Amino acid sequence: MNSDTSETTSTGPVALAAPDPAIALWLCPLARSVAESHALARLLSPLEIERANRFGTPALRARWIVGRATLRVLLGAALGIDPAAVTLRRGKRGRPELAAGSALDFNVSHTDDVALIGIATGLPSAARIGVDIERDDRAVNADGLARKFMTERERAGMAPLDEAARRRRFLQLWTCKEAMSKATGDALSAPFRDIDVALDEGPHLLDGPPPYVADHWRLVSAEVPAGLIATVAIWRGA
Ligand SMILES: CC(C)(COP(=O)(O)OP(=O)(O)OC[C@H]1O[C@@H](n2cnc3c(N)ncnc32)[C@H](O)[C@@H]1OP(=O)(O)O)[C@@H](O)C(=O)NCCC(=O)NCCS
């Protein structure tokens, strides 16, 4: 993690290949100068400032401010309003969303110094998106976590691989499942171990308990820079 943001240069969000014509995807560097993070804090609501102030270090605080302000800038542009005027609220299990009735859905994921932001503007009104991004060298106990979060078929696919490939496959599957859990809002209470994902010919959901039924979902691997793994999940909705 970059613990000193004071020497970094200004870089705004970078548009990635759209996973769907209705979805814009942005990769957002979070390490910005302290001066920039102070300036961006002006876009945040009092509640967001309170939350930012609860982070334990200035670097973590600045990173969160930059991410939230960038989200506001992108949502403001999509809605045609001032970023500070965007009204965010918490939906199911804390899923951030816009006020009821908005045709726009979005989701955010962070890893170290980048955030991935997906904004859907043209999906049917019940549809939801989820995104997840991970560093591909993230130190995880892939075998232990696979026992907890992967189906038998997914674990069988991991078994013959060497350790590095197993970890990478785990993270690929994980980003699919986490992105789905973030589209529904279930987050960590999603039934990960029963959600069966295949990675051949692009990631896709094979089977799972409702609402994780295959024909209600599309999974897209995001075209992120080397060293990162990310998935966008598009859910038809309840
Ligand atoms: C909260 C959770 C949804 C995602 O957490 P995470 O992986 O730590 O973090 P991410 O950066 O991907 O996502 C966090 C963002 O998801 C959004 N989010 C929070 N709750 C959400 C929910 N219920 N549904 C959808 N999105 C949610 C928020 O925008 C949040 O960012 P913010 O707090 O800056 O607003 C939850 O699934 C979680 O805690 N996961 C833990 C991940 C883990 O343990 N992985 C180990 C295996 S690799």
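The opening residue of the sequence shown carries number 11 in our numbering; numbering runs sequentially from there.
For each residue, glycine too, the CB sits at the ideal point set by N, CA and C.
Please read all numbers here as calculations on a predicted model, not as lab measurements.
- Sixteen is the threshold: when 16 or more other Cβ atoms of the shown chains lie within 10 Å of the Cβ of residue 142, as they do, the residue is buried.
- Within the same chain, and ignoring the five residues on either side of residue 164 in sequence, the residues whose Cβ sits closer than 8 Å to its Cβ are 156, 183, 206, 207.
- A distance criterion of 6 Å places the beta-carbon of residue 212 beyond contact range of ligand 1, judged by its closest non-hydrogen atom.
- DSSP places residue 159 in the uninterrupted alpha helix (DSSP H) bounded by 152-159.
- Taken atom to atom, the span from the alpha-carbon of residue 243 to that of residue 187 is near 9 Å.
- Judged by DSSP secondary structure, residue 130 falls outside any alpha helix (DSSP H) and instead within the beta strand (DSSP E) spanning 124-130.
- For residue 117, the closest alpha carbon among the candidates 237, 213, 34 is that of 34.
- The beta carbon of residue 120 sits closer than 6 Å to at least one heavy atom of ligand 1.
- Per DSSP, the beta-bridge partners of residue 25 are 36.
- The beta-carbon distance between residue 75 and residue 37, rounded to whole angstroms, is 18 Å. This is too long to meet the 8 Å contact definition.
- Note on residue 46: 16 or more other CB atoms within 10 angstroms of its CB, so buried under the neighbour-count rule.
- DSSP lists 100 as the bridge partner or partners of residue 106.
- Shown here, residue 75 sits in a helix according to DSSP, grouped into three states.
- Using a 10 angstroms sphere on the CB of residue 64, the tally of other CB atoms stays under 16, which defines it as exposed.
- Put simply, of 53, 44, 209, 87 the residue whose alpha carbon is nearest the alpha carbon of residue 68 is 44.
- Take the alpha-carbon of residue 148 and the one of residue 166: they are about 22 Å apart.
- For residue 30, the closest of 128, 248, 56 by C-alpha to C-alpha distance is 128.
- Within 6 Å of the C-beta of residue 64 there is not a single heavy atom belonging to ligand 1.
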